[in-house]
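Residue numbers (this note's numbering), protein chains in the order written: chain S, 1 to 330; chain Y, 331 to 693. Quick reminder that beta carbons are idealized off the backbone N, C-alpha and C, glycines included. These numbers come from a predicted model, not from an experiment.
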Amino acid sequence: MNKIGMPRGLFYYYYYPLYKTFFSDLDARVILSQKTTRITIDQGIDAAVDETCFPIKVYFGHVKELCRYDLDYLFVPRLVSIEPRSYICPKFMGVPDMLRASIDNLPPLIDITVDLSRSDRVYKDQLFKTGKLFTKKTGRIKDAYEHGKQELAYCQAIAAQGYTMAEAIDIWQGEDIEQQLNGSLRIGVLGHGYSLYDEAISMNIISRLRQMGCTVVLPEALSLEEIEQEAATMPKRIFWTLGRKMVGSALKMEKMADIDGIIYVACFGCGPDSFIGEIIERKVSDKAYMLIIIDEHTGEGGLVTRLEAFCDMLKRRRRHKIEDYISAYG
Amino acid sequence: MKITYPHMGNAHIAINAMLENLKLEVIPPPPISKKTFELGVKHCPEFACMPLKINLGNFIEALDLGADTILMAGGWGPCRFGYYAQVERDILEDLGFDFEMVILEAPDSRVSELFQQLQALGQNVSIWEAFKALKFAWYKLQVVEKLERSFAYIHPRAADKNRVEDIYDKGLLELERAQDKSDIDEAGSKNLDRLNQMVLTGKKPLKIGLVGEIYTVLEPMANYSIARCLGRLNVEVDNSIYISDWLNDHLLGSLVKKSHQKHLVKCARPYLNYSVGGHGLETVGSTVDYARKKYDGVIQVGPLTCMPEIVAQSVLSSVSKEEDIPCMTLYFDEHAGTAGIQTRLEAFTDMLKRKKTLTALTH
Numbered sequence: 001m002n003k004i005g006m007p008r009g010l011f012y013y014y015y016y017p018l019y020k021t022f023f024s025d026l027d028a029r030v031i032l033s034q035k036t037t038r039i040t041i042d043q044g045i046d047a048a049v050d051e052t053c054f055p056i057k058v059y060f061g062h063v064k065e066l067c068r069y070d071l072d073y074l075f076v077p078r079l080v081s082i083e084p085r086s087y088i089c090p091k092f093m094g095v096p097d098m099l100r101a102s103i104d105n106l107p108p109l110i111d112i113t114v115d116l117s118r119s120d121r122v123y124k125d126q127l128f129k130t131g132k133l134f135t136k137k138t139g140r141i142k143d144a145y146e147h148g149k150q151e152l153a154y155c156q157a158i159a160a161q162g163y164t165m166a167e168a169i170d171i172w173q174g175e176d177i178e179q180q181l182n183g184s185l186r187i188g189v190l191g192h193g194y195s196l197y198d199e200a201i202s203m204n205i206i207s208r209l210r211q212m213g214c215t216v217v218l219p220e221a222l223s224l225e226e227i228e229q230e231a232a233t234m235p236k237r238i239f240w241t242l243g244r245k246m247v248g249s250a251l252k253m254e255k256m257a258d259i260d261g262i263i264y265v266a267c268f269g270c271g272p273d274s275f276i277g278e279i280i281e282r283k284v285s286d287k288a289y290m291l292i293i294i295d296e297h298t299g300e301g302g303l304v305t306r307l308e309a310f311c312d313m314l315k316r317r318r319r320h321k322i323e324d325y326i327s328a329y330g
Numbered sequence: 331m332k333i334t335y336p337h338m339g340n341a342h343i344a345i346n347a348m349l350e351n352l353k354l355e356v357i358p359p360p361p362i363s364k365k366t367f368e369l370g371v372k373h374c375p376e377f378a379c380m381p382l383k384i385n386l387g388n389f390i391e392a393l394d395l396g397a398d399t400i401l402m403a404g405g406w407g408p409c410r411f412g413y414y415a416q417v418e419r420d421i422l423e424d425l426g427f428d429f430e431m432v433i434l435e436a437p438d439s440r441v442s443e444l445f446q447q448l449q450a451l452g453q454n455v456s457i458w459e460a461f462k463a464l465k466f467a468w469y470k471l472q473v474v475e476k477l478e479r480s481f482a483y484i485h486p487r488a489a490d491k492n493r494v495e496d497i498y499d500k501g502l503l504e505l506e507r508a509q510d511k512s513d514i515d516e517a518g519s520k521n522l523d524r525l526n527q528m529v530l531t532g533k534k535p536l537k538i539g540l541v542g543e544i545y546t547v548l549e550p551m552a553n554y555s556i557a558r559c560l561g562r563l564n565v566e567v568d569n570s571i572y573i574s575d576w577l578n579d580h581l582l583g584s585l586v587k588k589s590h591q592k593h594l595v596k597c598a599r600p601y602l603n604y605s606v607g608g609h610g611l612e613t614v615g616s617t618v619d620y621a622r623k624k625y626d627g628v629i630q631v632g633p634l635t636c637m638p639e640i641v642a643q644s645v646l647s648s649v650s651k652e653e654d655i656p657c658m659t660l661y662f663d664e665h666a667g668t669a670g671i672q673t674r675l676e677a678f679t680d681m682l683k684r685k686k687t688l689t690a691l692t693h
């Protein structure tokens, strides 16, 4: 049986069920790297150049962990674009080349290009070529991919109930996770899935908020049409998929009366977020908004203090609702 | 309508010429200074790349001088430049400026669309006049770049470097003022002759290729005049990119001259196999190209957190090993410590010199 390694990073949080099902149906065994630890992070920092963003460094760490296993292939797709007229980010487009230049003894890479900006022909072609590594029957490849898409939709439906994508994937794999939806505050938390849902990268921000008695509302719980509708109010279409989703979600959350405040989690050095954080800050004027920028530093105390202060402020605001409006600036 | 535009290297000479011939009143932003940086840094998002900050500083200074229209280029990513104009407009509006923003978009590198946008911008100009304006600006740009190339050749070789810099700076000013073709020809050939008459030291200079993000390569204020620093260290610097190349490849659809692009894409393989936006692929391709042309070294420059250049930088380590060419990466932001840059440049050139002598001795 062929063994395929998949790093638990970047688009794991958006597409794992799809490709896991795809490869499993083709009788390959998918080996996932462990959850991010300090060792993963340190290995990633060693391998990647200093200037790359934190999630990419973590991804490198996961790849290094997988290199230790006896793998037949390593699945590291080149994500260019997952929808028409949009991109992810230049770094995602260069990931396989960056890995080849930075890490020795890589297993053979399956680095299919996912580029749906103009058409899905090239992507389908490459998918079939990948499938051909494991089976000769084109019908089976097609079925496996369709099955994968179904599983992904199922997993997204779980996330829509208020789970993070990481939790949704765990539930999809059969784990039992209890949901906490009875918090006194409702806080919208935005950010790229691969930094927000990786507990090591985001320093547990979501569970910390839940422990403080907040219900966390994530973009996955909003309907895609509404997000796109809100994002379309921008004078120029935002050409980063995740960036557009975040702006749309923020604008939508601003209009949702039951949401008390919005937190945006960005990574230091993230190109699109340096603009998106700014755009949201300028557009969202009716709700308290906090931008948190994280990197590989480990001072959790600072983060906790900021979260507590933010929650305290929101609670005060609720108590003094008679005044109707208190400026977010103090 | 009083129109202004952002600075980028010597581009203002050509842009000015074009806009004036479209019968527009032009208010060029003052030359980039410390104040420009300060204004940009104050109002831009902290982690935005440096060109955005300089652009914004340019605009604020020009609007203060009375400009009411801003001419800016657009784009469709994935590099952040494509969204510059939007962010800049939001910031300036929030600052209370009253202005119009004209954004030139060339969606599929179609020269006809660009041309229409230019004509629409002009004040009652015919198609013929618009065409002439564009052609005149292009001609001026060619002469400016001839002077740039000649300067890059003479500067490291000349004994009196101050005089070379002086001729070059004055030559650019004369070209900027030139009103018609004969003026341009006269200013061009006079200053080229002056450069060619300089006394040379006769020593063979080291040759370094300058690659990276276009704005940082072309704008001396964005790279601490790295080319001049190197010239003074007797190093010949070859720019991997000129404005005319970029215009030709991206806006004019390679109509005007043969594109170098395909060759660079080929060179970049197998190190980088996909365009990563901005100039990432060109950076890698040019580095390989310089290595094969037996240059002594390559310096990559870019603004801090520039996404395409980070990808290129990650790959350059293996290019450097496989193609046997020393590479150094310098990122720039608004901090102003020139001594650090100078030291690194000196160390790099010393190392290249050593390497050259050692290989000469062993052969």
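Distance from the CA of Y/PRO375 to the CA of S/SER195, rounded to the nearest whole angstrom, comes to 21 Å. The three-state reading of DSSP puts S/CYS67 in helix, counting H, G and I together. Nearest to S/ARG282 by alpha-carbon distance, out of Y/GLU423, Y/LEU530, Y/ILE671, is Y/GLU423. Bridge pairing for Y/GLY542: Y/VAL631 [DSSP]. For S/GLU175, there is no enclosing alpha helix (DSSP H), as DSSP marks it with neither H nor E. Distances from the CA of S/PHE128 to each of S/PHE23, S/PHE11, S/PHE275, S/ILE39 were compared; the closest alpha carbon is that of S/PHE23. Spatial neighbours of S/ILE158 in its own chain (CB-CB distance under 7 Å, excluding positions within 5 residues in sequence) are listed in chain order as ALA168, ILE171, TRP172. S/TYR73 sits close to S/ILE110, with the two beta carbons spaced by under 8 Å. Taking the beta carbon of Y/ILE629 as reference, no residue of chain S falls within 8 Å; the closest one sits roughly 16 Å away.
Scanning chain S for C-beta atoms nearer than 8 Å to the C-beta of Y/VAL567 yields nothing, as the closest lies near 23 Å away. Neighbours of Y/ASN603 across chain S, judged by C-beta separation under 7 Å: ASP97.
Ranked by Cα distance from Y/LEU536, the options Y/GLY542, Y/ASN564, Y/ASP523, Y/TYR554 are led by Y/ASN564. Each residue's CA atom was taken as its position, placing S/ASP97 and Y/LYS686 some 30 Å apart.
For Y/VAL645, a Cβ of chain S is located within less than 8 Å of the residue's own Cβ. Between Y/SER616 and Y/VAL541, the C-beta spacing is below 8 Å. When Cβ-Cβ separations below 8 Å define contact, Y/PRO656 makes no contact with chain S. The three-state secondary structure of Y/VAL567, taken from DSSP, is strand. Per the coordinates, the alpha-carbon of Y/VAL356 lies some 11 Å from the alpha-carbon of Y/HIS342. Taken in chain order, the unbroken stretches of beta strand (DSSP E) that lie wholly in the region 110 to 164 of chain S and span 3 residues or more are 113 to 115. Secondary structure note for S/GLY183: it is in no beta strand (DSSP E), with a DSSP letter that is neither H nor E. Between Y/LYS624 and Y/ASP654, the alpha-carbon positions lie close to 9 Å from each other. The beta carbon of S/CYS89 falls within 8 Å of a beta carbon belonging to chain Y, placing the residue at that interface. When Y/LYS372, Y/PRO486, Y/PRO360, Y/ARG622 are compared, the shortest CA-CA separation from Y/ALA397 is found for Y/PRO360. From the beta-carbon of S/THR305, no residue of chain Y is found nearer than 8 Å; the closest lies around 20 Å away.
Proximity of Y/SER648 to chain S, defined by a Cβ-Cβ separation below 8 Å, is satisfied. The count of Cβ pairs closer than 8 Å, one atom from the region 282 to 293 of chain S and one from the region 639 to 648 of chain Y, stays below three, leaving the stretches out of contact. For the region 628 to 672 of chain Y, the continuous beta strand (DSSP E) assignments of 3+ residues that do not extend past its boundaries occur at 657 to 662, in sequence order. Across the set Y/GLU639, Y/GLY667, Y/ALA677, Y/GLU676, the C-alpha of Y/GLU639 shows the shortest separation from the C-alpha of S/VAL49. By the C-beta density criterion, S/GLU65 is buried, having at least 16 other C-beta atoms within 10 angstroms. If you draw a straight line from the Cα of Y/GLU504 to the Cα of Y/ALA517, it comes to about 6 Å. In the structure shown, Y/VAL529 falls within a coil segment according to DSSP collapsed to helix, strand and coil.
Between the region 55 to 70 of chain S and the region 606 to 616 of chain Y there are fewer than three C-beta pairs closer than 8 Å, too few to call the two in contact. When Cβ-Cβ separations below 8 Å define contact, Y/ALA517 makes no contact with chain S.
Collapsing the DSSP output to three states places Y/ARG493 in a helix. Uninterrupted alpha helix (DSSP H) stretches at least 4 residues long and entirely within the region 439 to 492 of chain Y occur at 441 to 451, 457 to 487, given in chain order. Among the CB atoms of chain S, none fall inside 8 Å of the CB of Y/PRO381.
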